[in-house]
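Residue numbers (our numbering), protein chains in the order written: chain W, 401 to 665; chain V, 137 to 622.
Quick reminder that beta carbons are idealized off the backbone N, C-alpha and C, glycines included.
Read through the structure below, which is laid out as structure tokens, and then see the notes.
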């Protein structure tokens, strides 16, 4: 794995997949996010970094309207997916989440078999018309998530019986199986050991060829390794957004530099 | 000295022991608590427990054993004809006890002196009249043997309780002394108190278990008695329930079993979907405000006495079903029916299921919901495919609990379904259940040797076995289909 080549990829030609303009989020009366403007590029890995409580996870959850499920959350501003406002009444939040998939911080496989976990999305969205087709989707998704070799002999075993790293890859396979256009990952490696982390990172890099990936991470090394674009959040503000190599080597904002060099956090 | 006073004295000694134990521990280290193995309170508690527990255990043991000893002593003064026959012995002993307590009352009231009470002879005095004067009514004249036995009984009881009081107090003071002697800075009072707490918890748990064993044992004993008089095959496979207290009863249990199962089935058809849907609505869909109002309102139902539900069945539901369903459909014209009782028991069980299922659904981790929503699932898909499977074991438990309640329900059935034992498929016909018949066979003038009465115990143990089987079945189903979440 050559780290620098990934960060240095020329992304200037990538088209904009999602655009956020003036996004504000309130939890009750406290403002968690202030006036965020970001463009998520297609087939690019974007990393959100920043200290705990800075709003990066909150913003991530805006992108697929997961904040709708939190009663006290209120989102303002405009977020578009391929030019379509996702808060438009015409847009169904449920359909949106099928297009903008999500992987969570803690592996949360359903208490079902490995097969049923992966088949969950395709089944509810009617992606397949036959068992054979579903089998194929399950296999390719597990292959893409680098779990096929470990899981192929125990597809009917419960997903909760896997190790932590395997569970997280199962959750990624589950998200891939729904065939999303954007994949949101909320600190996907925080519960994993270094080996599993490396596997997931490798996986993220491969997924980039099919869709855009947005990853929230606390590890700056991870952001530097896997992403091409980096956004730095601090106290609910988007402080800096740019090419990963530029943010890490030559940040334009002093706060970014302080955070990256470990002075604030 | 009464037992109550004795207990009060022991408690007082324990309180004193607490204070002394604590003081002693403190004084031994001249107030420097850090030199003690345990906190000062533990020394106090240890002293209090040592002073009270052995004494109380001795007291309880004495109270249990004394009646047997007294009876044996007294029997020696009764004629052989009485002691050899168990029934006569029981009756005579009851007489003896009654006369003895009568003499006690008379002495206390001043009608007899202590000396007179122990000296009077039945040949010389009309004991019955003397005791009636102080308000103690005896069923028959007192024979000289009975009176003699009663006097012996009194004397033995008196000396027994004196000895008991002295011994108990000696043990209490001895325990106190031991605790004070044992109190040293290195003494592990904390561990001793911990061991006591553990023993207390084990004792509590064993009482529940022993009670169950006791209940089962008494039922089994009486049931065996019944089956000795009535053939088991006729009971278990008989199709007619027709008890006659003159004899020649047919005590077939199948009509009752059928009525029980039919009514419970109808009630579960009502309660499970309504209760479960209510729980899902409250847990997943309702806003916090709605939930805060609706949940207590539903739980009000659980607080209504079942006899009130019975009235509701009798006055409202029964006639309604009869006038609008049974009669137009030509299915009968009885207000009391399986349907009436089933519906009302079902309503009774809604809060049971909804409340338990609501808690269980809420206990499913939020991450499961997030995972499902994150894949673009709707609320109902999430509920159906993720939440319910994860909550299944608990929901199953709630359903079984409700089923046991439905099977055991008596009052609503009596008022809503009638008392006629019948084997019929028509849900608008009056039927009855095992519980109703248990009550029926045991109320009124009963002879505990007749099969018509003893059948109640056979019904009871059968009911117990059925509900137990239901629980085991549920356990098995849950084990097989459970989807365990972390």
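Segment contact, 8 angstroms Cβ cut-off, at least three pairs: the stretch 349 to 358 of chain V with the stretch 552 to 561 of chain V = The stretch 349 to 358 of chain V vs the stretch 552 to 561 of chain V: no contact.
Compile a chain-ordered list of the residues in the stretch 600 to 627 of chain W whose CB is closer than 7 angstroms to at least one CB of chain V.
-> Those would be none; no residue qualifies.
If you check the beta carbons only, do residue 459(W) and residue 491(W) fall under 8 angstroms apart?
-> Cβ atoms of residue 459(W) and residue 491(W): not closer than 8 angstroms.
Would you mind telling me which residues of chain V sit closer than 7 angstroms to residue 582(W), beta carbon to beta carbon, in chain order?
-> Here the premise fails: no neighbours, minimum Cβ distance about 12 angstroms.
Determine the contact status of residue 461(V) and residue 564(V), defining contact as a CB-CB distance below 8 angstroms.
-> Yes, the Cβ-Cβ distance between residue 461(V) and residue 564(V) is below 8 angstroms.
Taking the alpha carbon of residue 474(V) as the point to measure from, which residue in 434(V), 542(V), 215(V) has its own alpha carbon closest?
-> When only C-alpha atoms are compared, the closest one is 542(V).
Nearest CA to the CA of residue 298(V): which residue from 597(V), 202(V), 406(V)?
-> Selected option, being the one with the closest Cα: 202(V).
Listed by chain order, chain V residues near residue 578(W) by CB distance under 8 angstroms | Residues of chain V passing the Cβ test: 511, 512.
List the residues of chain W whose Cβ lies closer than 7 angstroms to the Cβ of residue 504(V), in chain order.
-> Within 7 angstroms Cβ-Cβ: 508, 510.
Just curious, the alpha helix (DSSP H) that residue 531(V) is in, first and last residue?
-> Taken as a continuous stretch (DSSP letters only), the alpha helix (DSSP H) holding residue 531(V) covers 524 to 544.
Would you give the residue range spanned by the alpha helix (DSSP H) that residue 401(V) belongs to?
-> First-last of the alpha helix (DSSP H) with residue 401(V): 390 to 416.
From residue 310(V) to residue 187(V), what distance separates their C-alpha atoms?
-> One C-alpha to the other measures close to 7 angstroms.
Proximal residues to residue 405(W) (C-beta, below 6 angstroms), its chain only, five neighbours per side dropped | In this prediction, residue 405(W) scores a pLDDT of 46, lower than 50, which makes its location untrustworthy; no coordinate-derived value is stated.
Alpha carbon of residue 257(V) to alpha carbon of residue 301(V), nearest angstrom | So the alpha carbons of these two residues sit roughly 30 angstroms apart.
Range covered by the alpha helix (DSSP H) that runs through residue 196(V) = Annotation for residue 196(V): the continuous alpha helix (DSSP H) segment containing it runs 176 to 211.
Interface flag, residue 622(V) vs chain W, CB-CB below 8 angstroms = Caution applies to residue 622(V), whose pLDDT of 49 falls short of 50 and renders its modelled position unreliable; the model cannot decide the point.
From residue 334(V) to residue 424(V), what does the alpha carbon distance come to, in whole angstroms?
-> Looking at the two C-alpha atoms, the distance is approximately 41 angstroms.
Minimum C-alpha distance to residue 233(V) - residue among 167(V), 293(V), 150(V), 416(V) = Just measuring C-alpha positions, the residue of 167(V), 293(V), 150(V), 416(V) sitting nearest residue 233(V) is 293(V).
Neighbouring residues, chain W, relative to residue 522(V) (Cβ below 9 angstroms) | Going along chain W in sequence order, the residues near residue 522(V) (Cβ under 9 angstroms) are 510, 511, 512, 520.
Looking at residue 537(W) and residue 591(W), is the spacing between their C-beta atoms short of 8 angstroms?
-> No, the pair does not count as a contact, with Cβ atoms beyond the cut-off.
Check residue 633(W) in the structure and name its three-state DSSP category.
-> DSSP places residue 633(W) in strand when its eight states are reduced to three.
Could you check what DSSP says for residue 370(V) in three-state terms: helix, strand or coil?
-> Looking at residue 370(V) - three-state DSSP - the assignment turns out to be helix.
Kindly indicate if chain W contains any beta-carbon less than 8 angstroms away from that of residue 176(V).
-> Interface criterion not met: the Cβ of residue 176(V) is under 8 angstroms from no Cβ in chain W.
Closest residue to residue 600(W) among 542(W), 633(W), 484(W), 647(W) (Cα-Cα distance) | Residue 600(W) has its Cα closest to that of 542(W), out of 542(W), 633(W), 484(W), 647(W).
Hey, could you find the ends of the alpha helix (DSSP H) residue 478(V) is sitting in?
-> Run containing residue 478(V): 474 to 498, per the alpha helix (DSSP H) assignment.
Range covered by the alpha helix (DSSP H) that runs through residue 571(V) | That run of the alpha helix (DSSP H) goes 570 to 578.
So, is the C-beta of residue 383(W) closer than 8 angstroms to a C-beta in chain V?
-> Summary: the structure shown does not reach residue 383(W), with chain W confined to residues 401 through 665, and so no result is reported for it.
Residues sharing a beta bridge with residue 558(W), DSSP | BP columns for residue 558(W) point to 513(W).
Hey, out of 427(W), 657(W), 545(W), 441(W), whose CA is closest to residue 598(W)'s CA?
-> When each option's Cα is compared against that of residue 598(W), the closest is 545(W).
Should the stretch 608 to 617 of chain W be called in touch with the stretch 581 to 595 of chain W, which here means at least 3 C-beta pairs below 8 angstroms?
-> The stretch 608 to 617 of chain W vs the stretch 581 to 595 of chain W: in contact.
Interface flag, residue 526(V) vs chain W, CB-CB below 8 angstroms | Taking 8 angstroms as the threshold, the shortest C-beta distance from residue 526(V) to chain W falls below it.
Does the stretch 482 to 490 of chain V touch the stretch 478 to 496 of chain W, meaning 3 or more C-beta pairs lie closer than 8 angstroms?
-> Contact fails: fewer than three Cβ-Cβ distances are below 8 angstroms.
What is the residue span of the alpha helix (DSSP H) that residue 549(W) lies within?
-> That run of the alpha helix (DSSP H) goes 548 to 551.
Sequence-distant residues of its chain with Cβ nearer than 8 angstroms to residue 403(W) (five each side left out) = Low confidence applies here, because residue 403(W) scores a pLDDT of 46, under 50, leaving its location unreliable; read the following figure in that light. These residues qualify, in order along the chain: 624, 625.
How would you write the range of the alpha helix (DSSP H) that residue 543(W) sits in, first residue to last?
-> Per DSSP, residue 543(W) belongs to the alpha helix (DSSP H) from 531 to 544.
Name the residue from 488(V), 578(V), 238(V) whose alpha carbon lies nearest to the alpha carbon of residue 290(V).
-> Closest by C-alpha distance to residue 290(V), out of 488(V), 578(V), 238(V), is 238(V).
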